[in-house]
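Structure first, commentary second.
Protein chains: 2
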Amino acid sequence: MAVDREHVLKEAAGLLTRKATASMDEIAKAAGISRATLHRHFAGRDALIRALEDLGLAQFEQALDAARLDEGDAVGALRRLLAEAEPVFAFMAFLCTENQLFEGDLHEGWDRLDARINAVFRRGQEEGCFRIDLSSVWLTEALYGLIGAGAWAVHDGRVARKDLNHSIAELLLGGARRSMEK
Amino acid sequence: MAVDREHVLKEAAGLLTRKATASMDEIAKAAGISRATLHRHFAGRDALIRALEDLGLAQFEQALDAARLDEGDAVGALRRLLAEAEPVFAFMAFLCTENQLFEGDLHEGWDRLDARINAVFRRGQEEGCFRIDLSSVWLTEALYGLIGAGAWAVHDGRVARKDLNHSIAELLLGGARRSMEK
DNA sequence: AACGCGTGAGACGTCACTGTCTCATTCGGG
DNA sequence: CCCGAATGAGACAGTGACGTCTCACGCGTT
Chain A
5 MAVDREHVLK
15 EAAGLLTRKA
25 TASMDEIAKA
35 AGISRATLHR
45 HFAGRDALIR
55 ALEDLGLAQF
65 EQALDAARLD
75 EGDAVGALRR
85 LLAEAEPVFA
95 FMAFLCTENQ
105 LFEGDLHEGW
115 DRLDARINAV
125 FRRGQEEGCF
135 RIDLSSVWLT
145 EALYGLIGAG
155 AWAVHDGRVA
165 RKDLNHSIAE
175 LLLGGARRSM
185 EK
Chain B
5 MAVDREHVLK
15 EAAGLLTRKA
25 TASMDEIAKA
35 AGISRATLHR
45 HFAGRDALIR
55 ALEDLGLAQF
65 EQALDAARLD
75 EGDAVGALRR
85 LLAEAEPVFA
95 FMAFLCTENQ
105 LFEGDLHEGW
115 DRLDARINAV
125 FRRGQEEGCF
135 RIDLSSVWLT
145 EALYGLIGAG
155 AWAVHDGRVA
165 RKDLNHSIAE
175 LLLGGARRSM
185 EK
């Protein structure tokens, strides 16, 4: 009986990632509930978006924690990061495109997560296994871009879901690693 | 006196990439003209979007032609592709996000350009300089994703425009190339 | 000067979406 | 069994954007 808020948010993220202009009615239908019920659980469109950001960031942060980014070398940390974050790629794709929508008005929690990822790349550069002619900031942006592109490619069948993680990790690590070793 | 259609489209692309829900009034203001004049040159929002797609695809195709993708090795072809396409990255970023907006209803010309890029990656794989565990389809998607992420990163100053091309090329080529050689 | 073209400003009706409401229905627990 | 909570369906006015229109102005041409 009780609506699964998390399920609604997940469906909403999927729809809004594909179609940023989706109406509340479309979102409700995508989640399998009526527009009235959607409004009962989320005060309005703004509240829905905010909840979406909160849940996405929370899950992403949880993935970052689980990845133990400080342990081992940076390459392994990145692999663990992608493996842990894989279930929330859809949310991340939404967050990335949404951050573009609200120019300047970004969620305060985003900076913190951004810094943690940035730190991994910087550590990799300091350890000498990542090339230094690509800034850690760019590598972070590239990670988001690849996740977004990957989530989209999976969505309409151009990439198999089981290959997604390997595809992103190998491309990003191959591009970031110094070509000398190995 | 006569409005520069191309300038209007360029401004519109820039604005719509950042804010997909921008109103016709906002687009007009961004282009420095009135809403009335905008409607005189483009029958409506749909027509504007269509014109945007047409111009973006035409410029992108022109870049592909100039890059002589069939000459030399695949790595060089990709470098030339990125160099030639660099001025139209903003348009491409728009096209990528816009293709997501109209699910299924994609521009017919896109397939052709997509196939040309895909062919470069496939050729690189057949020539043995690109790894084969990453599908050419994924590499193509990754190219779009990196261009989109790069254009966005440049837009709000996280990456210098002069570094953009190098950043994308090195990351993509580094990730795509077989790590054995060089 | 007179004319015409393109533009800016604004008014207007239309339409889709929003947010809130009411009412009937259903499902589960006491 | 009955009651209450949650849902679905629909009505309602408010809002904003859209597309079209008219009118006045600026500017170049004849």
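Line order of the protein sequences matches chains A and B. Under our numbering, the residues of the first sequence are numbered 5 to 186, in order. Under our numbering, the residues of the second sequence are numbered 5 to 186, in order. Ideal placement from N, C-alpha and C gives every residue a C-beta, glycine not left out.
- Within its own chain, the residues whose Cβ lies closer than 7 Å to the Cβ of Glu131 (chain B), once the five positions on either side in sequence are excluded, are Asp77 and Ala78, listed in chain order.
- At a cut-off of 8 Å, the C-beta of Trp142 (chain B) has a neighbouring C-beta in chain A.
- Nearest CB-CB separation between Asp137 (chain B) and chain A: below the 8 Å threshold.
- The C-beta distance from Ala34 (chain A) to Ala55 (chain A) rounds to 15 Å, too long to meet the 8 Å contact threshold.
- Apart from the 5 residues on each side of it in sequence, Val158 (chain B) sits with its Cβ closer than 6 Å to the Cβ of Arg165 and Leu168 in its chain, given in chain order.
- The Cβ atoms of Leu147 (chain A) and Leu176 (chain A) lie closer than 8 Å to each other.
- Using a 10 angstroms sphere on the CB of Arg9 (chain A), the tally of other CB atoms stays under 16, which defines it as exposed.
- Taking CB atoms only, Glu145 (chain A) has a neighbour in chain B less than 8 Å away.
- With contacts defined by Cβ atoms closer than 8 Å, Val92 (chain A) and Gln129 (chain A) do not form a contacting pair.
- For Lys33 (chain B), the uninterrupted alpha helix (DSSP H) segment begins and ends at Met28 to Ala35.
- At the C-beta level, Ile172 (chain B) and Thr144 (chain B) stay beyond 8 Å of one another.
- For chain B, the residues of the region 160-177 of chain A that bring a beta carbon within less than 7 Å of one of its beta carbons are Arg162, Val163, Ser171, Glu174, Leu175 and Leu176, in chain order.
- Between the beta-carbon of Ala97 (chain B) and that of Trp156 (chain B) there is about 7 Å, and that keeps the pair under the 8 Å contact cut.
- For a Cβ distance threshold of 8 Å, nothing in chain A lies close to Gly76 (chain B): the least Cβ distance comes to about 20 Å.
- Among the residues of chain B, those whose CB is under 7 Å from the CB of Ala153 (chain A) are Glu145, Ala146, Tyr148 and Gly149, following chain order.
- DSSP places Phe134 (chain A) within a strand segment (E or B) once states are collapsed to three.
- Residue pairing by DSSP puts Arg181 (chain B) in a beta bridge opposite B:Phe134.
- Less than 8 Å divides the Cβ of Arg162 (chain A) from the Cβ of Val141 (chain B).
- Between Gly149 (chain B) and Leu150 (chain A) a beta carbon distance of about 5 Å is seen, short of the 8 Å cut, so the two are scored as contacting.
- When DSSP states are grouped into helix, strand and coil, Ala71 (chain B) belongs to the coil group.
- Residue-level contact check: Gly36 (chain B) does not touch chain A, since none of the beta carbons of chain A fall below 8 Å from its beta carbon.
- Here Thr25 (chain B) is exposed, its C-beta having fewer than 16 other C-beta atoms within 10 Å.
- Glu10 (chain A): member of the alpha helix (DSSP H) spanning Arg9 to Arg22, first to last residue.
- Collapsing the DSSP output to three states places Asp58 (chain A) in a helix.
- Neighbours of Gly113 (chain B) in chain A, taken as residues at a C-beta separation under 9 Å, are lacking, since the least C-beta distance is about 18 Å.
- Glu75 (chain A) counts as exposed, since fewer than 16 other C-beta atoms from the protein chains shown sit within 10 angstroms of its C-beta.
- Residues of the same chain with a CB within less than 8 Å of the CB of Glu90 (chain A), apart from the 5 flanking positions on each side, are Leu168 and Asn169 in chain order.
- Note that the C-beta distance between Gly178 (chain A) and Glu174 (chain B) is not below 8 Å.
- Within the region 78-90 of chain A, not one residue has a Cβ closer than 9 Å to any Cβ of chain B.
- By the C-beta density criterion, Arg181 (chain B) is buried, having at least 16 other C-beta atoms within 10 angstroms.
- Between the beta-carbon of Arg49 (chain B) and that of Met28 (chain B) there is about 6 Å, and that keeps the pair under the 8 Å contact cut.
- Residues of chain A whose Cβ lies closer than 8 Å to the Cβ of Ala157 (chain B) are, in chain order, Val141, Trp142 and Glu145.
- Short of 8 Å from the beta carbon of Ser38 (chain A), and not among the five residues preceding or following it, lie these beta carbons of its own chain, in chain order: Ala32.
- The beta carbon of Leu85 (chain A) is closer than 6 Å to those of Ala71 in its chain, skipping five residues each way along the sequence.
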